[in-house]
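In the working numbering, the protein residues as written are 44 to 869.
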């Protein structure tokens with residue numbers, strides 16, 4: 044008879060990361076039939092709550108049952124090898140602590156949706172199935188249901204099939220590739236396939252093949268197609284077949300091929316292929332570095348001997364990318380993996396083309412415009428070793444690297460690296476530094492206008508610094524001119540929103556068959572509509588913001604919640620029909636220019652025009668091939684692009700950026716203006732940049748003209764030291780959110796009163812209502828913590844924030860309050 048105590052000791056438990064915003068890991072029992080199959084990093088299916096079924100990830104395995112609740116069993120294991128490795132699990136743990144997030148929130152950000160299965164997942168038959176696996180009676184029953192229903196949820200299928208635990212059968216059918224799983228109907232999984240042709244196996248026999256040619260003797264077209272096929276595919280490789288499209292292109296005989304298929308001489312089949320093509324074995328030459336570039340590369344490598352992180356401060360057009368290519372090549376040759384981060388999807392489009400010329404299809408790509416299937420394919424490509432080099436945006440830091448040697452963070456100053464919604468509100472640059480440390484890798488930060496924090500760390504010796512202040516090919520920096528719009532308006536010289544200087548420069552540009560970029564950091568036609576009688580402004584019903592007028596769709600839109608309404612014919616307040624547009628966005632610039640310069644080919648790049656997956660690519664390709672004369676855009680045209688024929692850049696409204704109430708507004712404006720300016724004159728001709736401003740003597744504009752980053756840095760650093768802003772303090776923003784304004788305010792004051800006794804009154808600022816205090820019908824009120832780096836124990840402060848937040852939410856009055864943490868806001 045077995046000892047009950049020994050039996051209990053033999054029981055195994057797993058701590059799981061569950062994809063829900065809960066603060067702890069959950070412990071589940073590992074049933075006997077799954078013992079030995081559950082390991083850290085594996086995905087498992089579990090019941091969470093009464094009805095929910097979710098994909099969780101195993102964090103730890105142990106034999107300590109929880110004391111406060113009875114465990115549920117793990118239902119099924121989805122993996123044969125870890126989906127998440129030990130580096131990823133460590134990083135998830137670091138992120139939840141540092142960014143005051145939960146394990147589930149980090150998991151949701153990390154895993155692409157194609158790797159998640161939950162009770163709302165859908166199942167369908169795989170249209171590309173070509174196997175010959177045997178199926179059990181239960182599996183045959185499921186297949187029969189799917190032939191009728193086409194697509195069905197897990198719960199519905201279990202009900203129709205009369206099976207209590209459907210997951211083992213789903214796992215089996217997935218392994219046999221008979222079915223596919225997708226999250227929502229709009230996110231259907233459709234493997235990429237190509238149609239192929241092969242010779243019927245009957246004719247692989249030499250004698251039968253000779254007889255076939257005799258049969259087709261009087262059918263020259265069919266004989267010709269057959270000969271073409273055999274020329275491309277030797278008989279011994281017939282099972283691999285030939286792409287049908289290729290055979291049609293060579294023979295031009297689509298109908299003849301169909302006839303041969305009908306006669307069962309050819310067989311048509313589909314083959315699942317990678318979305319990233321075959322691995323190229325061709326090695327292309329590395330770009331030749333100039334003397335200045337080679338010197339910078341050597342200096343970086345020298346600093347890497349003693350420093351984990353180096354900042355490359357290279358002016359726009361200095362050829363930083365060529366240096367990256369050499370460093371990436373060196374890391375790959377030493378057997379290490381490389382991650383190259385870019386802040387914008389738009390940037391990856393042009394950069395991928397450049398890097399593919401050197402690295403071919405060995406390079407993986409990862410960003411949110413990719414389909415679920417493409418993201419999963421990159422993820423699995425890293426695990427399999429197919430991709431040792433990945434280029435991507437901020438979410439790429441979650442990929443399953445296990446041997447990182449180098450991380451490059453290009454345009455490291457960019458605020459796009461910061462995740463805003465939802466949690467975790469991480470900064471990809473800062474997280475990349477931690478990831479590199481975990482792997483023992485080196486990190487190269489690069490920018491023409493580094494963040495004040497990064498540059499300060501270099502000057503204090505905590506990071507290496509390499510400066511590259513010569514443009515590639517010694518191309519001069521562009522001429523920067525300030526156009527005084529206040530004076531132009533006074534003398535009635537403005538053409539709509541264009542000063543005479545900007546319009547004249549664009550006309551000259553077109554005359555010389557050159558190209559221009561116009562930057563305006565606001566999309567839509569007009570920022571708002573107003574009544575000329577009573578000054579009423581049309582506002583969003585859900586948010587405390589004005590509605591933006593979009594002329595193309597002829598409606599008013601909220602850029603925060605997506606609310607839309609038709610353009611009113613009369614004022615809601617006074618009934619007047621005198622309604623006018625105020626201000627201008629990219630759409631209005633496009634319309635005005637088409638009237639002022641009717642012969643110009645104009646294109647616009649903002650989030651309204653690049654919604655499709657290939658939207659960026661189409662616009663960029665048209666501009667590169669000179670099909671477009673003038674490109675109008677928001678921030679996405681401001682950095683990283685290399686267009687050789689751009690001679691003129693116009694920046695439409697610098698004042699809006701300079702006057703934004705933020706301690707970083709001068710830094711951000713300088714960075715943006717310098718980056719946009721860098722798009723002009725990138726070859727053998729000096730470019731021209733015109734900045735429209737009503738305050739031409741502003742000190743920041745002077746620094747942009749002089750390209751005086753050092754001067755900006757010194758002034759900003761002195762001011763931040765005086766008022767204790769980063770890099771001299773760590774900022775944590777706490778936002779209280781609720782549909783009841785008074786309740787949100789009361790909760791904010793209560794939390795402030797809980798924090799101040801331990802942190803000090805001078806460190807807990809607020810609460811304050813932000814400029815936009817209502818979004819999606821929720822009122823927002825902010826508390827700002829300024830914690831000096833040399834005086835405050837930051838980890839202790841974070842634990843205190845968590846503890847006092849729990850105390851607040853435990854009060855009956857405030858249970859429905861939402862508390863949002865933003866560590867290191869930008």
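Every residue, glycine too, gets a C-beta built ideally from N, C-alpha and C. Because the structure is a prediction, the values reported are computed rather than measured.
- For residue 99, the enclosing beta strand (DSSP E) has its first and last residue at 95-105.
- Going by DSSP, residue 81 is part of no beta strand (DSSP E) at all; its letter is neither H nor E.
- Ranking 364, 709, 824, 146 by CA distance to the CA of residue 860 puts 824 first.
- The beta carbons of residue 691 and residue 548 sit about 5 Å from each other, so the pair counts as a contact at 8 Å.
- Here residue 790 is buried. Its C-beta has 16 or more other C-beta atoms within 10 Å.
- No residue range can be given for residue 601, since it is assigned to no beta strand (DSSP E) and is classified by DSSP as neither H nor E.
- Restricting attention to 204, 581, 565, the CA atom closest to the CA of residue 572 is found in 581.
- The alpha helix (DSSP H) runs of length 4 or more contained entirely in the segment 390-463 are, from start to end of the chain, 415-427.
- Among the bridge pairs identified by DSSP, residue 56 is matched with 72, 105.
- Note on residue 416: 16 or more other CB atoms within 10 angstroms of its CB, so buried under the neighbour-count rule.
- Residue 399 holds the alpha-carbon nearest to the alpha-carbon of residue 432 among 411, 399, 454, 856.
- DSSP, reduced to helix, strand and coil, places residue 513 outside both helices and strands of the structure shown, so it counts as coil.
- Take the alpha-carbon of residue 868 and the one of residue 748: they are about 29 Å apart.
- Going by DSSP, residue 367 is part of no beta strand (DSSP E) but of the alpha helix (DSSP H) stretching over 363-376.
- By the 16-neighbour rule on beta-carbons within 10 angstroms, residue 454 is buried.
- Here residue 501 carries a helix assignment [DSSP, helix/strand/coil].
- Judged by DSSP in its simplified three-state form, residue 481 adopts helix.
- For residue 344, the enclosing alpha helix (DSSP H) has its first and last residue at 334-347.
- In this chain, the beta strand (DSSP E) harbouring residue 559 covers 558-562.
- According to the DSSP assignment, residue 811 belongs to the beta strand (DSSP E) that extends over 807-811.
- Just so you know, the alpha carbons of residue 850 and residue 97 end up roughly 29 Å apart.
- Between the beta-carbon of residue 700 and that of residue 481 there is about 37 Å, and that puts the pair past the 8 Å contact cut.
- Classified as buried, residue 265 has 16 or more neighbouring CB atoms from the shown chains inside 10 Å of its CB.
- A distance of 7 Å or more separates the beta carbons of residue 440 and residue 412.
- Taking the Cα of residue 816 as reference, the smallest distance to any Cα among 588, 803, 594 is reached at 588.
- In the three-state reduction of the DSSP assignment, residue 140 falls in the helix class.
- With a threshold of 16 other beta carbon atoms within 10 Å, residue 336 meets it and is buried.
- Taking a contact to require three or more Cβ pairs closer than 8 Å, the segment 715-726 and the segment 499-512 do not qualify as touching.
- DSSP, read as helix, strand or coil, puts residue 637 in helix.
- Annotation: the continuous beta strand (DSSP E) that includes residue 676 extends over 673-676.
- Around the Cβ of residue 569, a 10 Å sphere holds 16 or more other Cβ atoms; the residue is buried.
- Under the Cβ criterion (8 Å, minimum of three pairs), the segment 736-755 does not count as touching the segment 536-546.
- One alpha carbon belongs to residue 377, the other to residue 169, and they sit about 41 Å apart.
- Residue 127 and residue 88 have their alpha carbons spaced roughly 15 Å apart.
- Under a 10 Å Cβ-count criterion, residue 493 is classified as buried, with 16 or more other Cβ atoms of the shown protein chains found around its own Cβ.
- A residue is called buried once 16 or more other Cβ atoms fall within 10 Å of its Cβ, and residue 565 is buried on that count.
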